[in-house]
Amino acid sequence: GQVLGYVELLNELDTTAVEPMAHVADIANVFRDDELRPSLPRAAALSNAPKTDGKFFVVPQILEEG
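This is the structure in structure tokens:
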């Protein structure tokens, strides 16, 4: 009852001068440039993995062949 009544009240507002928006906050995504940066050496990244093949993490298969 009360929620629907409030929505009906909002429908009475004049919004002709209001720009449509996708979000209630007027923000935009901020992306960084895709550039090479220093990172963890491979050996260090793999050192705590439960299973590797020496170069990559080995994880259980989740997709069927096909």
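All residue numbers for the sequence shown refer to the numbering used here, where the first residue is 1 and numbers rise by one. Even glycine gets a Cβ: it sits at the ideal position worked out from N, Cα and C.
- Query: Who does F57 pair with in a DSSP beta bridge?
  - Reply: As a first step, residue 57 is located in the sequence shown; it is residue number 57 there, counting from the start. Paired residue(s): T52.
- Does DSSP put N11 in a helix, in a strand, or in coil? Reading the sequence shown from its first residue, position 11 is the one you call residue 11. Residue state, collapsed to three classes: helix.
- Message: Can you list, in chain order, the residues of its chain with a C-beta nearer than 6 angstroms to that of K51? Leave out the 5 residues immediately preceding and following it.
- Response: By 1-based counting over the sequence shown, the position of residue 51 is 51. So the qualifying residues of the chain are V58.
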